[in-house]
Structure formats: structure tokens, C-alpha cells
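**Student:** Taken in sequence, the protein lines are chains S and B.
Under our numbering, the first residue of the first sequence carries the number 1, and numbering increases by one thereafter.
Under our numbering, the first residue of the second sequence carries the number 1, and numbering increases by one thereafter.
We put the CB at the ideal spot given by N, CA and C, even for glycine.
Keep in mind that this is a model prediction, so the values were computed, not measured.
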Amino acid sequence: MDAIAIISIFTLAVFVGFEVVSKVSSTLHTPLMSGANAIHGVILVGAIIVADHSQTNLELGLSLAAIILATINMVGGFVVTDRMLEMFKPKKDPVEKGGSK
Amino acid sequence: MSTNLYGLIGLAAGVAFILALKGLSHPKTARRGNLIGAAGATVATLSVFLYVTPPRDGSAAHSLPLNHLWLILGAIAVGLIVGVPAARKVEMTQMPQLVALFNGVGGGAAALVAIVEYLHLGSGATTAEVIFTVFTVIVGCVSFSGSIITFMKLQELMTTRPVVFPGGRFVIAGTLVAVLGSAVWVVNALGTSPLMVLAALSLLFGVLFVLPVGGADVPIVISLLNAFTGLTVAASGYVLSSTLLIIAGTLVGASGTILTRLMAEAMGRSLFGTLFGAFTAKPQEVSGSAEERPVRSGSADDVAILLNYARRVVIVPGFGLAVAQAQHTVRELADLMISKGIDVAYGIHPVAGRMPGHMNVLLAEANVPYDQLLEMDEVNPTFGQTDVAIVIGANDVVNPAAQTTPGCPIYGMPILEVNHAANIIFLKRSMRPGFAGIENELLYDPKTMLLFGDAKASLTKVVSALKAL
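#1: Spatial neighbours of residue 108 of chain B within its chain, please: C-beta separation below 7 Å, excluding the five flanking residues on both sides.
#2: Which residue comes first and which comes last in the alpha helix (DSSP H) that contains residue 329 of chain B?
#3: Anyone know if the C-beta pair for residue 470 of chain B and residue 150 of chain B falls short of 9 Å?
#4: If you follow the alpha helix (DSSP H) that residue 169 of chain B is in, where does it begin and where does it stop?
#5: Is residue 40 of chain S buried or exposed, if buried means 16 or more other CB atoms sit within 10 Å of its CB?
#6: Less than 9 Å between CB atoms is the rule here; does residue 102 of chain B satisfy it with respect to chain S?
#7: Helix, strand or coil for residue 410 of chain B? Go by DSSP, reduced to three states.
#8: Taking Cβ-Cβ distances below 9 Å as the criterion, which residues of the segment 51–66 of chain S are in contact with chain B?
#9: If you check the beta carbons only, do residue 361 of chain B and residue 331 of chain B fall under 9 Å apart?
#10: Could you check where the beta strand (DSSP E) with residue 449 of chain B kicks off and where it finishes?
#11: Using the rule of at least 16 other Cβ atoms within 10 Å of the residue's Cβ for burial, across every protein chain shown, is residue 417 of chain B buried or exposed?
#12: Enumerated in chain order, which unbroken segments of the alpha helix (DSSP H) with a length of 4 residues or greater are wholly contained in the segment 52–115 of chain B?
#13: List the whole-angstrom C-beta distance separating residue 250 of chain B from residue 223 of chain B, where the pair is believed to meet the contact cut-off of C-beta under 8 Å.
#14: Which same chain residues end up closer than 6 Å to residue 99 of chain B when comparing Cβ atoms and leaving out the 5 residues on each side of it in sequence?
#15: Taking the beta carbon of residue 86 of chain S as the centre, do at least 16 other beta carbons fall within 10 Å, making it buried, or is it exposed?
#16: In terms of alpha-carbon separation, which member of B/453, B/466, B/314, B/422 lies closest to residue 445 of chain B?
#17: When the Cα of residue 102 of chain B is compared with those of B/112, B/120, B/83, which residue comes out closest?
#18: Give me the Cα-Cα distance between residue 67 of chain B and residue 56 of chain B, rounded to the nearest whole angstrom.
#19: Look at residue 253 of chain B and residue 14 of chain S and say whether their C-beta atoms are less than 9 Å apart.
#20: Run down chain S in chain order and give the residues with a C-beta less than 7 Å from the C-beta of residue 439 of chain B.
#21: For residue 423 of chain B, name the three-state secondary structure that DSSP assigns.
#22: Rounded to whole angstroms, what is the Cα-Cα separation between residue 452 of chain B and residue 441 of chain B?
#23: For the putative contact between residue 37 of chain B and residue 29 of chain B, defined by C-beta atoms under 8 Å, what is the C-beta separation to the nearest angstrom?
#24: Taking the DSSP output, what are the residues bridged to residue 314 of chain B?
#25: Using only the alpha-carbon positions, how far apart do residue 209 of chain B and residue 300 of chain B sit?
#26: Would you say the segment 3–18 of chain S touches the segment 191–205 of chain B, given that touching needs at least three Cβ pairs under 8 Å?
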């Protein structure tokens, strides 16, 4: 890919990133951070690509480790964000949760 | 799958991430936004299995399936087995450290991808590719080790206070210089051992960078490291020629930077001060005159009587509420007071708990009506007309030292001014200071009454005492 195209994509994405979160109430700071955290889990895509390309056992081992970590980041991130946001949904029948400590 | 189709799917996933962040910025659309993001990530991951990215040396791509397909699927399965139960079972109180941990493993994954890419870089690599790879290794490693330290701080596996040692800033600055020096070495030498040195130094720098951060600044650092990880993903996207990774990584990097600034503003901290705290932190005298001073402690009955004759009560929840899982009990108390005609509101400090919005999440779980939750700016002017302020497991966010004691770690942080209320009730487990580790003068104030014990147990007693009146 040529450098100008990449710089263009990068620059535009910076502005989009700035714009979409410029006004957020502090209530949503934590879920938003967690959601953004899950999104960078797509490094999984990169990890799969390098695993496919790997030629030595060292490369393969490192890329498989990267796949495991990236999967944890991505899937765990989305699940945990969903659990946080579940709390904002009105519930009809509140159930006492959590053990006593 | 054709290259064009693969590219378009990547673009669709990028759009999904934009919609996800947009959705997450508003309470009504937040959950849907998160699901859109998850869908985008799933589609993007599936598409990699149907398209073989050509290797960088220009040779033709092999045909499907991917090499090592079963090992790749196995590794994903391992990730699912570890990640999903961790995310599902975690208590709401431990959410912040889990986010820190997830961010750390993401940074680690990006660093590993960069290291493998680096091992591939032959003489054909352009300088730009080498630089981006080295950048990813450095920032990915810093994000990994830094997040692990924040995790340990939040999990209280180590001290939550700033760790500052004499000459610390010189050690940190020296490490940074060593990191940059070895980066230059790696770019020029293209060898495996320089890279290992660079990775080790970067990991060390991540640890040293986060150690001097303590108390309320920890969430800001998590957010910052989150933005860092985003940038490493963007840099990997450049090296792997993946538009998707560039878009997703840049979005997270940019929105994460803004979010970090918003959080810092909510806490009245300067982002610069937090960022470079590592370089400016001076060792502090541990203020440790642990003399016994009298405090007024009361029983649940005393508290109930005080509440019964109040006209306006403001509840200030903090981390202790989260630890005790007392959100349902506090709502019960509030409902009871409202039924007695008492004006009840919750005063929510933006950073009460361990993360911004922590209390809102907990109280929403207990179905506390949204209009009873007052933000700091709304509730502060009303404390003068408040008969009783009940502080439940909060400390630093009501500590007047933030306004009166220049030089203390939380000085300048906006607080909930409960000291203006006619009476203050503290529900505490012990006299132990809060997360920032500073003594709270308010505890010794004559208009303060302390009710010691687990927040949930204490609240239950107050509820039954109030019912009996």
C-alpha cells in the first residue's frame, strides 16, 4: 500500500476518533474505555496473518501466543463491556446478586 | 475470496468500530454499540480465514486453507476458554483491574506480532517498516508491563500508593534513553539479540513508568495505556498492509487519548502531570504520626434517629459500597427514607470507586432511579441545605485536604463538599485511609459520626432500626 494512502487513512481515522468521543458523560467513561479496549483486540487478525506466514517453530510459537492473548483481549473485552452496560438496562425483576464478603 | 472483497470486509469492520464508539458515547445506545463492535470484530476475524495475505517478500500467496490452521484454531480456543469465563465471572468490583489486564494482553499480543514480523524482515524491508515494527515492540511491551502493574495495584497485590524511590526519576529517564538507544541499534543491526534487549528494556520502562502513579491516577494511566495499545495496532497494520488494523488501531488511539483527557479533567488532574509524574515525582515523607485521636462512633440506632428527623439526606457512595455489594441495601434505605417524606439524593463523584462511572454502574444494577443520581456540580451547592450526608465506603472523594492541603497527593482534585452538611455519617470498615493513602481530617470533625463495619451489614441494621422508629 502506498504511503500517502496510509497517511490519509491514519489522519482521517484520528479525526473520527476524536469526534466520536468528544462529549461523553463520566458515567460512560469506564464502559467506553473497556469497549475501545476490546476493539484493539482485532490485533487477532494480525496475529493470525503472522501465524500463517511463520516459517520456524520460534515464529509459530510466538504467533500462537499472540493469538491466545489477542483472543482474550477481544472476546473478554466485549463480554465484560456488555456486562457493565447490562446494568444500565431497566430490569423488572431485580435479583440479588453476588456473594457476601 | 478476492483481495477486493477482503478489503471491503475490512472496511465494513472499520465502520462497525466507528459506530461502536459512537454508540458507546450515549447511555441509550451503549449496549447496541458494543454489540456492533463485537460483530465487526467477529466478521473481520472470520474473513482472515478465507483470504491468504501474500507474504511481504513479494512471492505469490499460497492457496487456502491457512498454514497451521488447526494450531491457529486451537490457540483461539485456548483464548476463549481463558477470556470468556474471566469476563463473565468477575465481580463488578474487580472490573477495573480486568480491563487493565485485557489491555495488557492486547499490548503483549501486538508486541509479539511485531517481534515475529521483525524476524521476517529481510534486507528487503524499508526503513519505514523497520521503524514501525520497532515502535510496536516498544509501545506494546510498555503497555503490557505497565498494565500488569496497574492490575496488581488495583487488585491490591502490591501497594496502591505511588512507589517512589530516591533518584527514581533519573533511573526512569535513563531507562527511556536506553530504550531509544537500543531502538536505533535494532533499526541498524536487524538482529535478534538487539531486539530482545529492546523488548526487555521496554518492559522495564513500562514498570518504572507506572510505579510512581498512585491513587486516583491509576484509571487515567489504564486509559492512556489503552490508547498506546491502539497505536501499536495501527503500526502493525502498516507493517502487515492491513487497512482494518490501521483504522481500528488509530480509532482506539485517538478516542483513547480524548477519553484520557476527559477523565483527567473529571478528576481535576493535569494530563501532563499524570503522564510525566514518573519524571517529576519526589519521594514523599510518609506522614505517619499515628497518634490516637478521638473519633465519635455511633450505633445503627443513632444513625437511624439522625436520619428519621432529617429533611434532606445525600448519600455518597464509594468503593466500600462496591466491595460490600451493598447497592441493593442502600437503595432499600433510600426508598424507606423517601416513604418517610425525606428528600434523598445520591452524590456521585466522577471517580468514586476505582474507575470513572463505577458507582453509576453499581447503582443502576440496583435500579436506583437515574434522577436521584446527582453529579458533583449539581450536588455540591446543595450540601449547605443538607441535614445528613451519609458517606458509604468513600474517603478520598470527600477529603477536604484536596482543597486545603497543597502538596498532598490529591490536592486540586474536586471533591464532594460533604463538610458543608449539618451532619456527616461515615460508614467505614476501619480507620484505614483511602486508596490515595491520606488521612481524612473530616473523620475527626465533631459533626461526624462513624459507624464501623461492613457497609452492607451496617446498612441492613440501619434499615431495620429506621423501620422500628
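**Tutor:** Concretely, from the data shown:
#1: The residues are 140, 144.
#2: Residues 327–339.
#3: Summary: the structure shown does not reach residue 470 of chain B, with chain B confined to residues 1 through 469, and so no result is reported for it.
#4: 168–189 is the span of the alpha helix (DSSP H), which, as asked, contains residue 169 of chain B.
#5: Buried, because 16 or more other Cβ atoms sit within 10 Å of the Cβ of residue 40 of chain S.
#6: Among the residues facing chain S, residue 102 of chain B is included, as its CB has a counterpart in that chain under 9 Å away.
#7: Judged by DSSP in its simplified three-state form, residue 410 of chain B adopts coil rather than helix or strand.
#8: Under the 9 Å Cβ criterion, the segment 51–66 of chain S contributes 51, 52, 53, 54, 55, 56, 58, 59, 60, 62, 63, 64, 65, 66.
#9: The beta carbons of residue 361 of chain B and residue 331 of chain B sit no closer together than 9 Å.
#10: Per DSSP, the continuous beta strand (DSSP E) segment holding residue 449 of chain B begins and ends at 448–452.
#11: Under this definition residue 417 of chain B is a buried residue.
#12: Runs of the alpha helix (DSSP H) inside the segment 52–115 of chain B: 69–89.
#13: Rounded, the Cβ-Cβ distance is 16 Å, inconsistent with contact.
#14: Nothing meets the Cβ criterion.
#15: Burial state of residue 86 of chain S is exposed, judged by a 10 Å Cβ sphere holding fewer than 16 other Cβ atoms.
#16: The shortest C-alpha to C-alpha distance from residue 445 of chain B to any of B/453, B/466, B/314, B/422 is the one to B/422.
#17: The option with the nearest alpha carbon to residue 102 of chain B is B/83.
#18: Distance from the CA of residue 67 of chain B to the CA of residue 56 of chain B, rounded to the nearest whole angstrom, comes to 16 Å.
#19: Cβ distance < 9 Å, so residue 253 of chain B and residue 14 of chain S count as in contact.
#20: Annotation: residue 439 of chain B has no Cβ neighbours in chain S at a cutoff of 7 Å; minimum Cβ distance is about 25 Å.
#21: Note: residue 423 of chain B maps to strand in three-state DSSP.
#22: Cα to Cα, residue 452 of chain B sits roughly 17 Å from residue 441 of chain B.
#23: With a Cβ gap of about 12 Å, residue 37 of chain B and residue 29 of chain B do not count as contacting.
#24: DSSP lists B/345, B/389 as the bridge partner or partners of residue 314 of chain B.
#25: Distance from the CA atom of residue 209 of chain B to the CA atom of residue 300 of chain B, rounded to whole angstroms, is 45 Å.
#26: With the cut-off at 8 Å, the segment 3–18 of chain S and the segment 191–205 of chain B do not touch.
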